[in-house]
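One structure below.
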Amino acid sequence: GNSVTQMEGPVTLSEEAFLTINCTYTATGYPSLFWYVQYPGEGLQLLLKATKADDKGSNKGFEATYRKETTSFHLEKGSVQVSDSAVYFCALSRTDSWGKLQFGAGTQVVVTP
Amino acid sequence: EPEVTQTPSHQVTQMGQEVILRCVPISNHLYFYWYRQILGQKVEFLVSFYNNEISEKSEIFDDQFSVERPDGSNFTLKIRSTKLEDSAMYFCASRGDNSPLHFGNGTRLTVT
Numbered sequence: 004g005n006s007v008t009q010m011e012g013p014v015t016l017s018e019e020a021f022l023t024i025n026c027t028y029t030a031t032g033y034p035s036l037f038w039y040v041q042y043p044g045e046g047l048q049l050l051l052k053a054t055k056a057d058d059k060g061s062n063k064g065f066e067a068t069y070r071k072e073t074t075s076f077h078l079e080k081g082s083v084q085v086s087d088s089a090v091y092f093c094a095l096s097r098t099d100s101w102g103k104l105q106f107g108a109g110t111q112v113v114v115t116p
Numbered sequence: 005e006p007e008v009t010q011t012p013s014h015q016v017t018q019m020g021q022e023v024i025l026r027c028v029p030i031s032n033h034l035y036f037y038w039y040r041q042i043l044g045q046k047v048e049f050l051v052s053f054y055n056n057e058i059s060e061k062s063e064i065f066d067d068q069f070s071v072e073r074p075d076g077s078n079f080t081l082k083i084r085s086t087k088l089e090d091s092a093m094y095f096c097a098s099r100g101d102n103s104p105l106h107f108g109n110g111t112r113l114t115v116t
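Residue numbers (our numbering), protein chains in the order written: chain A, 4 to 116; chain B, 5 to 116.
Structure follows, in structure tokens:
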């Protein structure tokens, strides 16, 4: 079946540091890939998505590229801020069903001043 | 920006009691979902709902669970006889055609 594996947290880094969160997936066919973010006390918010191989999703300085050859969708940001402290979830869905998501375990990111 | 709203934010109930979790999806959305996250575990799909019927459900969603859209705005999840292992954060979500999911802030259900 489908599954998503992402690096364990917490990831602690200083403001302006480079952030990478690894995400790999197992899926049949050609899934769509997503990153969701959960700020403290809030729900899951879509951060970015990619629907086919080599697509790059980007939003708020975050980027992730759909790599079919390595079945990966790593999240990166060049210079993090304290306000980026949150839990980040990698997820996939079938291309024809964006509503049924398979989530990774989530990675907590803590950015210190 | 329109939001999915869930009430209550925290619900405490005794084992064996019925509980109803409430959600107001975004008004022009047509597809509705419930997910849950047991503490320390992954966010899991429970059920999807479209055109007034369940379109897909997971094996978690057994006969103890039901969903309903009682009017044009609300979407509810009912657990008939709660068990300790139903304690979790429950997220409602909705989407329009060809658009990704929008989630609510969740209801934390504690079964004692």
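All residues carry an ideal CB built from backbone N, CA and C; glycine is no exception.
| Query | Result |
| --- | --- |
| Selected residue, minimal CA-CA separation from residue 40 of chain B, among B:65, B:20, B:21, B:33 | B:65 |
| Rounded Cβ spacing between residue 88 of chain A and residue 113 of chain A (contact assumed at less than 8 Å) | 5 Å |
| Residue-level contact to chain B via CB, residue 76 of chain A, 8 Å cutoff | no |
| Assigned secondary structure, residue 85 of chain A (DSSP; H/G/I helix, E/B strand, else coil) | helix |
| Chain-ordered chain B contacts of residue 37 of chain A [CB-CB under 8 Å] | 104 |
| Reference residue 44 of chain B, options A:18, A:38, A:110, closest by Cα | A:110 |
| 8 Å Cβ cutoff, residue 95 of chain B in contact with chain A | yes |
| Neighbourhood of residue 14 of chain B by C-beta distance below 6 Å, restricted to the same chain and skipping five residues each side | 112 |
| Per-residue contacts from residue 92 of chain A into chain B (C-beta, under 9 Å) | 46, 47 |
| Identity of the residues DSSP links to residue 106 of chain B by a beta bridge | B:98 |
| Those residues which DSSP pairs with residue 88 of chain B across a bridge | Partner(s): none; residue 88 of chain B has no beta bridge. |
| Closer than 8 Å to chain C by CB, residue 55 of chain B | You won't find chain C in this structure, because its protein chains are A and B. |
| Backbone secondary structure at residue 102 of chain A - three-state DSSP | strand |
| Chain B within 8 Å of residue 50 of chain A, Cβ atoms only | no |
| Test: residue 95 of chain A CB closer than 8 Å to a CB of chain B | no |
| Ordered list of beta strand (DSSP E) runs contained in the region 8–50 of chain A, each at least 3 residues | 14–17, 22–24, 26–29, 35–41 |
| CB contact check: residue 108 of chain B to chain A, cutoff 8 Å | yes |
| Local conformation of residue 18 of chain B per DSSP, three classes | coil |
| Status (buried if at least 16 other CB within 10 Å, exposed otherwise) for residue 13 of chain A | exposed |
| Residue-chain proximity (residue 108 of chain A, chain B), Cβ-Cβ < 8 Å | yes |
| Option in B:55, B:48, B:102, B:22 with minimal Cα separation from residue 62 of chain B | B:48 |
| Presumed contact (8 Å Cβ cut-off) between residue 95 of chain B and residue 71 of chain B, rounded CB distance | With a Cβ gap of about 13 Å, residue 95 of chain B and residue 71 of chain B do not count as contacting. |
| Beta strand (DSSP E) segment containing residue 69 of chain A, residue limits | From DSSP, residue 69 of chain A is part of no beta strand (DSSP E); its letter is neither H nor E. |
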